[in-house]
């Protein structure tokens with residue numbers, strides 16, 4: 001891609017056409033600015049990976065021209081990949097106090113705390129990053145200190161909303177600053193880059209204060225142990241649950257590491273001041289059942305989460321059963337339906353009553369409805385609308401709303417390079433984009449060898465064979481074949497495979513036996529043939545040749 005002096009461009013590398021994994025780039029002249037860097041959770045289409053991050057290769061190759069990374073708020077899909085991707089970027093990071101508190105704990109775990117230059121910007125503050133004049137505008141979301149970002153450039157003003165909604169009584173943090181958004185609109189706005197996640201919902205957004213009233217009534221009428229699961233970063237919801245529990249005379253216990261980290265970060269920044277200190281999961285059995293409310297991680301069915309383990313009676317400290325209740329105070333993220341339903345089914349099998357937002361008013365979205373988006377357009381009045389952060393159906397519905405307001409929408413896919421100025425606003429090029437899997441601290445390409453092998457093993461299994469040979473390459477003893485997930489060691493089919501494999505390696509030509517690699521390749525071919533005739537599968541195979 002040719003990078004022209006004076007060009008103003010926008011490039012999403014993650015977050016368009018799907019939920020999560022936000023990574024947005026702006027370029028002014030030759031200088032780049034990144035906004036957000038988040039993770040996404042794997043769905044049914046990628047069982048070989050659990051956590052995904054946007055592929056940062058394009059901007060990593062230009063890190064000498066990357067002025068900084070701005071974080072709009074502390075949700076995982078906006079901040080969760082920073083500690084993993086930053087070593088490839090090596091740029092300053094700009095955060096609000098709460099996002100900084102959350103990020104520092106992540107960096108401490110990754111041993112990067114002393115390396116990353118972090119600049120803490122007050123909510124609503126103005127700051128400069130390279131040639132970009134930036135301003136934070138407070139917006140309401142389901143996490144404290146969410147900020148829209150105003151980018152002022154010689155070619156025009158861009159408003160990047162991040163995640164937001166309109167809530168006149170959000171309980172934690174201020175309402176969206178509609179006065180300041182209108183003032184920015186009065187300046188003249190070239191483009192609004194806007195969240196689309198909840199745009200297909202009609203009517204105004206419902207308030208967190210309504211959830212608090214409903215949750216208080218619900219908890220006061222329940223018996224036995226009560227567990228509530230929600231997104232760990234939703235400070236307002238955690239406060240709502242705690243206040244409802246206190247009103248019912250119940251003590252609150254936090255179960256899950258991410259909730260404990262949130263508690264520390266929130267109190268450090270002055271939030272949760274009206275909530276009594278939480279007990280830990282080690283204290284759970286010291287409190288009578290009718291006097292306890294547990295806030296538990298795992299609302300999306302994550303297999304290693306606390307709630308998933310509790311549903312299988314595998315948690316070391318917490319158990320739930322007949323007469324107890326689990327409340328799902330969260331939405332079901334697309335792609336997680338099967339995992340969530342499995343956990344709920346396991347809880348029901350144990351006699352636990354499961355309450356979701358279908359049975360009671362226990363959740364409101366932190367994202368703008370279609371009516372909220374219309375109001376945003378009335379405030380900002382941009383020339384162009386750029387829907388982001390949502391599946392394609394959300395983006396197209398958002399584009400239709402913009403057209404209602406006589407604002408020109410531009411639909412982008414990850415990797416599309418949109419020139420905003422000078423001249424005609426249009427997609428001028430594409431950049432490499434994609435997803436990486438976060439695997440035990442490593443970033444692995446989804447189409448690379450490791451995950452391709454894992455994918456093959458998931459569907460076709462793996463077979464490992466080993467045998468010993470002497471100096472001349474003749475087999476010593478009997479070969480061993482292991483096929484976990486395909487064959488039981490003692491069944492007749494396993495015996496047949498071992499015998500056919502042993503016969504096949506006995507007739508491998510002598511000229512291949514002197515070289516270990518050639519011998520190994522020939523033995524792998526023999527093993528595949530022995531397997532394929534009856535199994536009708538093509539498992540991943542490997543052979544170990546031991547020369548003694």
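Numbering (UniProt numbering), first residue to last: 1 to 548. C-beta atoms are modelled at their ideal positions from N, C-alpha and C, and glycine is treated no differently.
Query, Result
"Work out the CA separation of residue 521 and residue 500 for me, nearest whole Å.", "17 Å"
"For residue 529, which residues from the same chain have a beta carbon less than 6 Å from its beta carbon, with the 5 sequence-adjacent residues on both sides left out?", "none"
"Quick one: give me the first and last residue of the beta strand (DSSP E) that residue 478 is part of.", "475–482"
"Would you mind listing the beta strand (DSSP E) stretches within the region 404–444 that are 3+ residues and don't spill past its ends, in chain order?", "416–421, 426–430, 435–439"
"Alpha carbon to alpha carbon, how far is residue 359 from residue 28? Give it in angstroms, no decimals.", "50 Å"
"List the DSSP bridge partners of residue 354.", "326"
"Which class does residue 392 belong to by DSSP, given the choice of helix, strand or coil?", "helix"
"Please identify the residue among 243, 271, 297, 287 whose C-alpha is closest to the C-alpha of residue 258.", "297"
"Going by beta carbon distance, what residues of the same chain come within less than 7 Å of residue 417, once the five residues before and after it are set aside?", "1, 9, 11, 427, 428, 429, 430, 431"
"Keeping to the same chain, check which residues put their C-beta closer than 7 Å to that of residue 476; ignore five residues upstream and five downstream.", "468, 469, 470, 548"
"Can the beta-carbon of residue 483 be found closer than 8 Å to that of residue 507?", "no"
"Between the Cα of residue 292 and those of 73, 278, 523, 357, spot the shortest distance and give me the residue it belongs to.", "278"
"In whole angstroms, what is the alpha-carbon distance linking residue 332 and residue 231?", "11 Å"
"Within this structure, are the beta carbons of residue 285 and residue 311 separated by less than 8 Å?", "no"
"Taking the beta strand (DSSP E) that residue 32 belongs to, which residues open and close that run?", "31–37"
"Do residue 479 and residue 502 have their C-beta atoms closer together than 8 Å?", "yes"
"Just verifying my parser: in three-state terms, what is the DSSP assignment at residue 9?", "strand"
"By a C-beta neighbour count over all protein chains shown, 10 Å radius and 16 as the cutoff for buried, is residue 223 buried or exposed?", "exposed"
"Specify the secondary structure class of residue 336 as computed by DSSP and reduced to three states.", "coil"
"Exposed or buried, what is residue 54 when buried is set at 16 or more other beta-carbons lying within 10 Å of its beta-carbon?", "buried"
"Taking contact to mean 3 or more Cβ pairs, one atom from each stretch, closer than 8 Å, check whether the region 139–150 and the region 164–182 are in contact.", "yes"
"Are there 16 or more other CB atoms within 10 angstroms of the CB of residue 489, so buried, or fewer, so exposed?", "exposed"
"Less than 8 Å between C-beta atoms, sequence neighbours within five positions excluded: which residues of the same chain meet that for residue 541?", "462, 463, 464, 465, 524, 527, 528, 531"
"What are the residues that DSSP puts in a beta bridge with residue 152?", "133, 157"
"Reducing DSSP to helix, strand and coil, say where residue 505 ends up.", "helix"
"Less than 8 Å between C-beta atoms, sequence neighbours within five positions excluded: which residues of the same chain meet that for residue 129?", "33, 67, 68, 70, 92, 94"
"Closest to residue 568 by C-alpha separation, out of 65, 104, 516, 81, would be which residue?", "Outside the shown range of the chain, which is 1 to 548, sits residue 568, and nothing can be said about it."
"Below 8 Å on the Cβ atoms is my guess for residue 157 versus residue 150; work out the distance and round it to an integer in Å.", "6 Å"
"Do you know how far the Cα of residue 51 is from the Cα of residue 439?", "8 Å"
"Assign residue 111 to one of two classes, buried (16 or more other C-beta atoms within 10 Å of its C-beta) or exposed (fewer than that).", "exposed"
"Can you tell me which of the three DSSP states residue 231 falls into?", "coil"
"If I follow the unbroken beta strand (DSSP E) through residue 547, where does it start and stop?", "540–547"
"Within its chain, find whatever has a CB closer than 8 Å to the CB of residue 13; leave out the 5 residues flanking it on each side and keep chain order.", "23, 24, 25, 54, 55, 56, 58, 59, 414, 415, 431, 433"
"What residue range does the alpha helix (DSSP H) around residue 57 cover?", "57–60"
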